[in-house]
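S.K.: Numbering-wise (this note's numbering), the sequence shown opens with residue 16 and increments by one.
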Amino acid sequence: MIRDDVDSIRLGSYPVLQLIKNPAFKWLFKDLIRHVNKKRRLELLIEKYIGENGKKMSIRNYFYYFIIIVVIRIAEVISKSKENNLKASLKVRHIRILFIRSLALIYESIEEFGLPKKMLRWKSPFAVVWEISHKCNLKCKHCSAATRRIDERELNTDEAKRVIDQLAEAGVCLLLFSGGEPLLREDFFELCSHAVDKGLAIGLASNGTLITKEIAKRLKKIGFYSIQISLDGATAETHDSFRSVPGSFDKAIEGIKNCIEQEIEISVAPTITNSNCEELEEIIYLAKRIGAVGVNIYNFIPTGNGKLNSECDVGFEKRQIYLNLMHKIKEEMAGKIRISSATTMEGFRVLIENEGKSLVKVLEFFGGCPAGRAYCAIEPNGDIYPCVFMPIAVGNLRSHSLNDIWHESGVLKELRDRELLKGGCAKCDVKYACGGCRSMAYAYYNDYLESDPTCPYNKGSECGFQHSVCTSKRDISICQRQRFGKGKH
Ligand code: SF4
Ligand code: SF4
């Protein structure tokens, strides 16, 4: 048992968050994040601090500037960090923007919905992944976008820019361009530049094959600080067979190197399948060797093309082997390369087991799986999905605002309520900190509230594989019970 006092843990008992209830603090903070001349006051002050704002300040701004310097010095002493470490970090636009926008969004969310006992209710998504086009030069076996038709009603440049305006206005912090292969969209750089002008932090998920030296230079110039590049094998043989195009491994490696040459941080993103799970360790070492800063591991989720390639699914037992391996390498490589996973939510549980209760409050505050809570995805035609791997259109940006969809969608409301979870996840004592991968539940059970079937804690639990996934009309092509040796329904 990790915790025996779940109900007594209340994030609201954090002294720093109690400050938010203080009227004087509230007034000061609100004034600090207020827009002054198109930027938030805090942004102008930080620009002054890092030497990028030479303009004369008002007396009011001097007052705030003094407070900020004092807070920074105290933070540096407490954290024993070297003087100017923070200054160096804040000089990076991406970090600065994320810091300022997330502070503002968290504050505004608490102001609108109150200080939560557990999961923060976000006023707007913190991050948005935008599949700007389904066009792609590869044919990956797992691709969630590949079976979606190339949409003739793809948002055009003007519409796309209006969407970016909406995101910026709503307070979204991070816009990640994805696809298909986003670089195939002709107005890609125009849209990126518009997003930067509107004050958003931007990221990119690419297959890397089109990132020549020239393109890498443009990406750097436009403001990409970090990019995620898919790599599904430690050898060309494994990677190319999964991506179904010979030569894609070499081109991806070249793309990675071109980005690193431009000092763009690279995270390598393998999707773990039957054909590469034994190469996981080698993929991580390869990533380290070529200079990537991180490896973001994806579970194979049977959606899109993945549904047609169910043999890629590693199955329960094998998945546990690579998850354990992932946690082991993560410990061994701490400080050398970041190892994370956007889809294996049970990692939160492992983290809690290792780090103890103090972390629970923070994890519960942010709430684990962010689908439909802190993040959503946009399709090329403007449809909003709770997650790129969960093809449920909860609204379209051509006919509705992001704000309306975010607050009115019944699906999103359900995803924000952990009391509605079913099976093992419903009974789990870390469901607020983790919540399971909702897309996994949807892919396997056609029910986003079901248990995450990949979690080791769900093995043999009621949620397990009791569902008649093979005989029902559920949208899944494989019988999970049979696969995991539990016999047919
Ligand atoms: S049972 Fe569900 S909520 Fe609990 S750790 Fe596993 S995936 Fe997370
Ligand atoms: S449903 Fe949640 S955990 Fe799964 S991929 Fe989406 S955001 Fe990640």
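Backbone N, C-alpha and C define an ideal beta-carbon position, used for all residues, glycine too.
May I ask you to check if the CB of D432 is nearer than 8 Å to at least one heavy atom of ligand 1?
M.R.: Not under cutoff, so the answer is no.
S.K.: Please state whether the Cβ-Cβ distance between D419 and G425 is less than 9 Å.
M.R.: No, the Cβ-Cβ distance between D419 and G425 is not below 9 Å.
S.K.: Say the cut is 8 Å; is the CB of G382 nearer than that to a heavy atom of ligand 1?
M.R.: No.
S.K.: Over the uninterrupted beta strand (DSSP E) stretch that includes V143, give me the two end residues.
M.R.: Note, V143: beta strand (DSSP E), A142 to S148.
S.K.: Going by beta-carbon coordinates alone, are P140 and V187 separated by less than 9 Å?
M.R.: Yes.
S.K.: Do L170 and I147 have their C-beta atoms closer together than 9 Å?
M.R.: It is a contact, given that the beta carbons lie within the stated cut-off.
S.K.: For the segment 293 to 341, list the alpha helix (DSSP H) runs that are entirely contained and at least 4 residues long, ordered along the chain.
M.R.: You should have 295 to 305 and 320 to 323.
S.K.: Below 8 Å on the Cβ atoms is my guess for N55 versus I48; work out the distance and round it to an integer in Å.
M.R.: In the sequence as presented, Asn is not what sits at residue 55; that position holds Arg. The pair is a contact, with the Cβ atoms about 5 Å apart (cut-off 8 Å).
S.K.: Which residues mark the beginning and the end of the beta strand (DSSP E) in which L190 is found?
M.R.: Here the beta strand (DSSP E) through L190 covers L189 to G194.
S.K.: Check whether the Cβ atoms of L338 and P471 sit closer than 9 Å, and answer yes or no.
M.R.: Going by C-beta atoms, L338 is nearer than 9 Å to P471.
S.K.: Does the distance from the CB of G309 to the CB of I352 come in under 9 Å?
M.R.: Yes, these two residues count as a Cβ contact at 9 Å.
S.K.: Would you call E465 buried or exposed, if buried means 16 or more other Cβ atoms sit within 10 Å of its Cβ?
M.R.: So E465 counts as buried.
S.K.: Start and end of the beta strand (DSSP E) containing G208?
M.R.: Note on residue identity: the sequence assigns Ser, not Gly, to residue 208. Segment F203 to D212 is the alpha helix (DSSP H) holding S208; no beta strand (DSSP E) there.
S.K.: Considering only the alpha carbon of each residue, which of H415, G248 and S104 lies closest to A284?
M.R.: The shortest Cα separation from A284 among H415, G248 and S104 belongs to G248.
S.K.: Determine, using beta-carbon pairs with one atom in the segment 364 to 378 and one in the segment 325 to 333, whether at least three such pairs fall under 8 Å.
M.R.: No: fewer than three Cβ pairs fall under 8 Å.
S.K.: What's the gap between the Cα of K232 and the Cα of K437?
M.R.: Going by the C-alpha atoms only, they are around 48 Å apart.
S.K.: Leaving aside the five residues before and after E127 along the sequence, list all residues of the same chain whose C-beta is less than 6 Å from its C-beta, in chain order.
M.R.: The residues are K138.
S.K.: Can you check which of these residues, I125, E184 and Y459, is closest to F315 by C-alpha distance?
M.R.: The residue with the shortest Cα to Cα distance from F315 is Y459.
S.K.: Look up R258 in the DSSP assignment and give the residues it is bridged to.
M.R.: R258 is not bridged to any residue.
S.K.: Please report how far the alpha carbon of K235 lies from the alpha carbon of Q277, in whole angstroms.
M.R.: Taking the straight line joining both Cα atoms gives about 6 Å.
S.K.: Identify the residues that DSSP records as bridge partners of Q6: which are they?
M.R.: The requested residue 6 does not occur in the structure, where the chain is confined to residues 16 to 504.
S.K.: Helix, strand or coil, according to DSSP, for F480 in the structure here?
M.R.: With a pLDDT of only 40 at F480, under 50, the local geometry of the prediction cannot be trusted, and the value read off the model is given with reservation. Three-state DSSP puts F480 in coil, outside helix and strand.
S.K.: Determine, using beta-carbon pairs with one atom in the segment 195 to 206 and one in the segment 222 to 231, whether at least three such pairs fall under 8 Å.
M.R.: With a cut-off of 8 Å, the segment 222 to 231 and the segment 195 to 206 count as touching, because enough Cβ pairs lie within range.
S.K.: Under a Cβ-count criterion, where at least 16 other Cβ atoms within 10 Å of its own Cβ denotes burial, should V262 be classed as buried or exposed?
M.R.: The residue asked about is misnamed: residue 262 is Gly in this sequence, not Val. Classification of G262: exposed, given that the 10 Å Cβ count is below 16.
S.K.: Return helix, strand or coil for Q495, following the three-state DSSP convention.
M.R.: The predicted position of Q495 is uncertain, since its pLDDT is 44 and thus under 50; a value taken from the coordinates is nonetheless stated next. Reduced to three states, the DSSP call for Q495 is helix.
S.K.: Taking C-beta to C-beta, are S290 and F257 nearer than 9 Å?
M.R.: Yes, these two residues count as a Cβ contact at 9 Å.
S.K.: Exposed or buried, what is L435 when buried is set at 16 or more other beta-carbons lying within 10 Å of its beta-carbon?
M.R.: By the neighbour-count rule (16 or more Cβ atoms within 10 Å), L435 is not buried but exposed.
S.K.: Between the beta-carbon of A90 and the beta-carbon of L101, is there less than 9 Å?
M.R.: Cβ atoms of A90 and L101: closer than 9 Å.
S.K.: Output the distance between the C-alpha atoms of E429 and H415, rounded to the nearest integer angstrom.
M.R.: Approximately 20 Å between the Cα atoms of the pair.
S.K.: Measure the CB-CB distance between I244 and S282 and report whether it falls below 9 Å.
M.R.: Cβ distance < 9 Å, so I244 and S282 count as in contact.
S.K.: If you reduce the DSSP assignment to three classes, tell me which class W42 lands in.
M.R.: Helix at W42.
S.K.: Of all the beta strand (DSSP E) runs that stay within the bounds of the segment 92 to 157, which reach a length of 3 or more residues?
M.R.: If we require 3 residues or more, the beta strand (DSSP E) runs fully inside the segment 92 to 157 come out as 142 to 148.
S.K.: The alpha helix (DSSP H) spanning I271 covers which residue range?
M.R.: Start and end: S263 to E276.
S.K.: Based on Cα-Cα distance, which residue from L417, F381 and R388 lies nearest to E394?
M.R.: Of L417, F381 and R388, the residue nearest in Cα terms is L417.
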